[in-house]
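Counting in full-length UniProt numbering, the sequence shown runs from 1 upward without gaps. Virtual Cβ for every residue (Gly too), placed ideally from N, Cα, C. From a predicted model like this one, the values you see are computed outputs, not experimental measurements. Data block below; observations after.
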Amino acid sequence: MKKKKYNISVEATLEVIGGKWKCVILCHLTHGKKRTSELKRLMPNITQKMLTQQLRELEDDGIINRIIYNQVPPKVEYELSEYGRSLEVILDSLCAWGETHITKVYGDKSEVLEESILNN
Numbered sequence: 001m002k003k004k005k006y007n008i009s010v011e012a013t014l015e016v017i018g019g020k021w022k023c024v025i026l027c028h029l030t031h032g033k034k035r036t037s038e039l040k041r042l043m044p045n046i047t048q049k050m051l052t053q054q055l056r057e058l059e060d061d062g063i064i065n066r067i068i069y070n071q072v073p074p075k076v077e078y079e080l081s082e083y084g085r086s087l088e089v090i091l092d093s094l095c096a097w098g099e100t101h102i103t104k105v106y107g108d109k110s111e112v113l114e115e116s117i118l119n120n
């Protein structure tokens, strides 16, 4: 593996969890294992192609585990790896900041946040 140079360490973090969907996927996985179809239902605006790509990248980086069950029909679930669990503090902070921001900009957060277990 070629050594990479970063200007500041946050670049390494963003390289792994940056983008529109990775943090959302990870937040959902903090609440337990999910099948691809469950994640798609929880994130209706993501395309199947993008979801698959993001899951593969998170798996390649060791952030999530892909669990394949040997059955018919095939069953695959995703969960946070032990290494991925170390991101929970960061994800919680991002959610808290987002709520504060929504309240500041929009007032009542219930008018702009979808009902979800993540928004309680």
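Is it true that the CB of K75 sits closer than 7 Å to the CB of Y83?
In the sequence shown, residue 83 corresponds to position 83, counting from 1. In the sequence shown, residue 75 corresponds to position 75, counting from 1. Taking 7 Å as the Cβ cut-off, Y83 and K75 do not qualify as a contacting pair.
How many angstroms separate the CA atom of T52 from the CA atom of R41?
Position 52 of the sequence shown, counted from the first residue, corresponds to residue 52. Position 41 of the sequence shown, counted from the first residue, corresponds to residue 41. Approximately 14 Å between the Cα atoms of the pair.
Does K22 pass the burial test, meaning 16 or more other C-beta atoms within 10 Å, or should it be called exposed?
Your numbering for residue 22 matches position 22 in the sequence shown. Buried, by the Cβ-count rule.
Quick one: what's got a C-beta closer than 6 Å to I46's C-beta in the same chain, skipping five residues either side?
Looking up residue 46 in the sequence shown gives position 46. Excluding sequence neighbours, I46 sits near W21.
L26 to Q71, Cα distance in whole Å?
Counting from one through the sequence shown, the residue named residue 26 turns up at place 26. Counting from one through the sequence shown, the residue named residue 71 turns up at place 71. Near 26 Å, if we compare the C-alpha coordinates of Q71 and L26.
Pull up the DSSP beta-bridge partners for R85, would you.
Taking the sequence shown and counting its residues from 1, one reaches residue 85 at position 85. In DSSP, R85 forms no bridge with anything.
Hey, K34 and Y78: beta-carbon distance below 7 Å or not?
As a working mapping, residue 34 is identified with position 34 in the sequence shown. As a working mapping, residue 78 is identified with position 78 in the sequence shown. Closer than 7 Å, so yes.
Just how far apart, CA to CA, sit residue 140 and T100?
Examination of residue 140 is not possible in this model, given that the chain is present from 1 through 120 alone.
For V72, report the span of its beta strand (DSSP E) as first-last.
Position 72 of the sequence shown, counted from the start, is the residue given in the question as residue 72. Where V72 is concerned, there is no enclosing beta strand (DSSP E), given that its DSSP letter is neither H nor E.
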